[in-house]
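One structure below.
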Amino acid sequence: MSRAANESTAAARVGRPHDAAHPNAYPAAVVRQLSALTTEFYAREAASFSVTRQAPWHGWEKAWEVISEQRPSLAAEPLAVLDVGCGNLRFERFLATHTRGPVAVCALDNCTALAEDGTAPLSERFTLEFQETDLVEHLLNNHGTPLANPGTCDIAVAFGLMHHVPTFALRTRILQELISALRPGGFALVSFWQFLNDPRLAAKAEAVTAAGRAEHNLPLFQENDFLLGWQEAERVYRFCHHTPDAEIDALLANVQQALAQAHSSSPTFRELARFSADGKPGNLNRYVILQRH
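If you count the sequence shown from 1, position 153 lands on 153 in UniProt numbering, and the numbers rise without skipping.
Now the structure itself:
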């Protein structure tokens, strides 16, 4: 079965409308409920999750190559980095092996236990400011408050985050925040989980979504929205969105439009690269590398 057919079949069996780019797919109360399930998952499973998330992602090497080609002196420069959804800070450990200069990191996540698990091995060259932040709640409540000071970062990343953000509108906001945080010439590195590329994960997503929706009295999901569990844990759910390339295109177009409306001098950007990596089949994350003009 082709990837497109697999995605369509999984979506149809769970009974979701085909409306991937709907700007406001769920009421705020449902968005908060979906986000709360994910928050509870990480609070409960932080230790077991972190143990399985120690090695750097393969895609980070290629992403670093892309931005280093644009700025050959990058590894030696002092860097200001924004990491949205930092988890256990393994990207910071990756940076420690790929940089030589001082690195100041602003790291955001709502699971402090994960972040604390990753602080000890960090290089002395690193200055880390961790902010416990409920990103979804921030986006729902603080429409005019940025996640970071605009125009201050050399690199802004969101790895393993976008699939946990319910609705196209909020995913657009995350990307907008990343671009706005960059200095001219800065880079945004973003991954989108494409777990429906794996038939095993697609089947699990279908079954777990049906069980989780019934247990938590959730409405029909939008296209490519699912719940996933974790290992052998029972009644543990995390919201996960599969993001196909057509939606990535729409997200980038919406971000550029939103930035143009929000700024008299719009921080425009260009797409440097898009590629797949990670997971056993090598195609479970879709990376997008952007550069601010």
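Here a beta-carbon is modelled for each residue, glycine too, at the ideal position from N, C-alpha and C.
(request) Leaving aside the five residues before and after leucine 122 along the sequence, list all residues of the same chain whose C-beta is less than 8 Å from its C-beta, in chain order. (result) Leu89, Glu92, Arg93, Ala96 and Leu128
(request) Find the nearest neighbour of aspartate 283 within the set Ala205, Ala207, Phe192 and Leu218, judged by alpha-carbon distance. (result) A quick correction: the sequence has asparagine, not aspartate, at residue 283. Asparagine 283 has its Cα closest to that of Phe192, out of Ala205, Ala207, Phe192 and Leu218.
(request) Spatial neighbours of leucine 37 within its chain, please: CB distance less than 8 Å, with the 5 preceding and 5 following residues excluded, ordered by chain position. (result) Gly212, His216, Leu227, Tyr237, Arg238 and Phe239
(message) On the DSSP bridge list, what partners appear for aspartate 83?
(response) Ala107 and Val157
(message) Can you tell me whether leucine 139 sits near the ligand PLP, meaning its C-beta is under 7 Å from at least one heavy atom of the ligand?
(response) Here there are no bound small molecules, and the ligand PLP is not part of this structure.
(request) Would you kindly report the start and end of the unbroken alpha helix (DSSP H) that includes glycine 101? (result) Premise fails: glycine 101 is in no alpha helix (DSSP H) and is neither H nor E.
(message) Suppose you measure from the CA of glycine 144 to the CA of glutamate 124; what does that come to, to the nearest Å?
(response) 35 Å
(request) Name the residue from Pro102, Leu161, Leu182 and Val165 whose alpha carbon lies nearest to the alpha carbon of residue 307. (result) One cannot answer for residue 307 here, as it falls past the ends of the chain, which runs 1 to 293.
(request) Can you tell me which of the three DSSP states tryptophan 193 falls into? (result) strand
(request) Measuring alpha carbon to alpha carbon, tell me which of Asp109, Glu271 and Ile67 ends up nearest alanine 253. (result) Glu271
(message) By alpha-carbon positions, which one of Ala75, Glu177, Glu116 and Ala107 ends up nearest to glycine 101?
(response) Ala75
(message) With H, G and I counted as helix, E and B as strand and the rest as coil, what does DSSP make of threonine 127?
(response) strand
(request) Please state whether DSSP places leucine 140 in a helix, a strand or coil. (result) helix
(message) Once the 5 residues before and after leucine 147 are set aside, which same chain residues still bring their CB inside 8 Å of it?
(response) Leu82, Val84, Leu108, Thr133, Leu135, His138, Glu177 and Ala181
(message) Bridge partners for asparagine 285 per DSSP, in chain order?
(response) Trp193 and Ala277
(message) Can you give me the C-alpha to C-alpha distance between glutamate 116 and aspartate 225, rounded to a whole angstrom?
(response) 30 Å
(request) Could you give the DSSP three-state label for leucine 220: helix, strand or coil? (result) coil
(request) Give a yes or no on whether the minimum CB-CB distance between arginine 213 and chain B is below 8 Å. (result) Any reference to chain B falls outside this structure, which holds one protein chain only.
(request) For glycine 212, name the three-state secondary structure that DSSP assigns. (result) helix
(message) Can you look up histidine 293 in the DSSP assignment and give me helix, strand or coil?
(response) coil
(request) Give the DSSP-derived three-state secondary structure of arginine 235 in the structure shown. (result) coil
(message) Is it buried or exposed, asparagine 149, if we count other Cβ atoms within 10 angstroms and call 16 or more buried?
(response) exposed
(message) Check this for me: beta carbons of threonine 268 and glutamine 257, under 8 Å apart or not?
(response) no
(message) Cutting at 6 Å between CB atoms, please list the residues of its own chain near alanine 214, excluding the five before and the five after it.
(response) none
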